[in-house]
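Written below as structure tokens is the structure these notes are about.
Residue numbers (this note's numbering), protein chains in the order written: chain S, 1 to 161; chain D, 162 to 322.
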């Protein structure tokens, strides 16, 4: 069975227990920016309820033009004001570097990507760099950002100073 | 209390019940691309367990260069092969359009964003457009993509043909 068919089946059970709709504006006025890593169920990890927060995720949880687009919509259209970053230990982007990754893709597909993987070596430094990029964005209404690292081995979240 | 402090507090409870670590490679070899909407707890909605799937989210769940970057890393570095798209009803991006949004940001910040909001009017069409963009990407190893729309009023997921 394709994974999507398993998901559609599981969703039938979810819909039977569905607690009801919520407003489109996040109740806690916060947007979370996190890595796509499969070991981070953000609602459970952060104590979020349905309707509480926007959740933006990509490889690494890094700040790209698309992250800024999403945060700008989150703030201007849907009234969020806080931003929380969630990077994590043992990230796949710490196991490669931008040149090796471009080589890998070129060897497999014959095409070298014109964009960088955004690999990094120190997760705390990458959180600080992400905070810097958010503070410098001229499109946001609020630059209230704090960053964290999630330990995928213990489940503990730690703030980065 | 800042929202992040509430999250750090809730996380202490999560870590006490933490079920243990999982491998970095997603067990079900699937990447989900979804909207950032606060009403979509994807793990619960789709029956996902920790370690099952990559989760990529942005405003609209649209396919941008950053979405392709994340999917390319997901497939080449971490071995996923299926892609599942999750758009939803009552999306904030159906309540605006690209010109009105740029006007709004320019009025509030004095700066007009050089990127588009990626607003849309028909959610099924936008899912089909996203599937088309994924099928056309030269960097992916697998173009096995299927798309869905989640009803935020009923909790039901529906596949888009």
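Think of the CB as a built atom: it goes at the ideal place given N, C-alpha and C, for glycine as much as any other residue.
| query | result |
| --- | --- |
| Give a yes or no on whether the minimum CB-CB distance between residue 36 (chain S) and chain D is below 8 Å. | yes |
| Anything in chain D within Cβ reach of residue 52 (chain S), meaning under 8 Å, just list it in chain order. | 199 |
| Tell me whether the segment 248-267 of chain D and the segment 307-319 of chain D touch, counting them as touching only if at least three CB pairs, one residue from each stretch, are closer than 8 Å. | yes |
| Thinking residue 212 (chain D) and residue 196 (chain D) are a contact (beta carbons under 8 Å), I'd like their distance in whole angstroms, please. | So it is not a contact: roughly 23 Å between Cβ atoms. |
| Measuring CA to CA, which of S:118, S:72, S:24 and S:5 is closest to residue 58 (chain S)? | S:118 |
| Use the C-beta contact count for residue 39 (chain S): other C-beta atoms within 10 angstroms, 16 or more gives buried, fewer gives exposed. | buried |
| If you check the beta carbons only, do residue 56 (chain S) and residue 72 (chain S) fall under 8 Å apart? | no |
| Looking only at its chain, what residues have a beta carbon closer than 6 Å to the beta carbon of residue 302 (chain D), apart from the 5 residues adjacent to it on each side? | 236 |
| Beta-carbon of residue 226 (chain D) versus every beta-carbon of chain S: anything under 8 Å? | yes |
| According to DSSP, is residue 143 (chain S) part of a helix, a strand, or is it coil? | coil |
| Do residue 62 (chain S) and residue 130 (chain S) have their CB atoms nearer than 8 Å? | yes |
| Please classify residue 177 (chain D) as buried or exposed, where buried requires at least 16 other C-beta atoms within 10 Å of its C-beta. | exposed |
| At a Cβ threshold of 8 Å, is residue 237 (chain D) touching chain S? | yes |
| Tell me the DSSP bridge mates of residue 328 (chain D)? | There is simply no residue 328 (chain D) to check, as chain D begins at 162 and stops at 322 in what is shown. |
| Could you have a look at residue 148 (chain S) and say whether DSSP puts it in helix, strand or coil? | strand |
| Where residue 47 (chain S) and residue 107 (chain S) are concerned, what is the direct C-alpha to C-alpha distance, given to the nearest angstrom? | 43 Å |
| If you run the structure through DSSP and keep just helix, strand and coil, what is residue 134 (chain S)? | helix |
| Roughly how many angstroms lie between the CA atoms of residue 296 (chain D) and residue 27 (chain S), to the nearest whole one? | 36 Å |
| Tell me the rounded alpha-carbon separation between residue 243 (chain D) and residue 294 (chain D). | 15 Å |
| Taking Cβ-Cβ distances below 7 Å as the criterion, which residues of the segment 8-21 of chain S are in contact with chain D? | 8, 10, 11, 14, 15, 18 and 21 |
| Relative to the alpha-carbon of residue 174 (chain D), which residue among S:64, S:113, S:79 and S:45 has its alpha-carbon at the smallest distance? | S:45 |
| Does DSSP classify residue 178 (chain D) as helix, strand or coil? | coil |
| Would you say residue 32 (chain S) and residue 84 (chain S) are within 8 Å of each other, going by their C-beta atoms? | yes |
| Decide if residue 226 (chain D) is buried, meaning its Cβ has at least 16 other Cβ atoms within 10 Å, or exposed. | exposed |
| Between the alpha carbons of residue 157 (chain S) and residue 214 (chain D), how many angstroms are there, rounded? | 21 Å |
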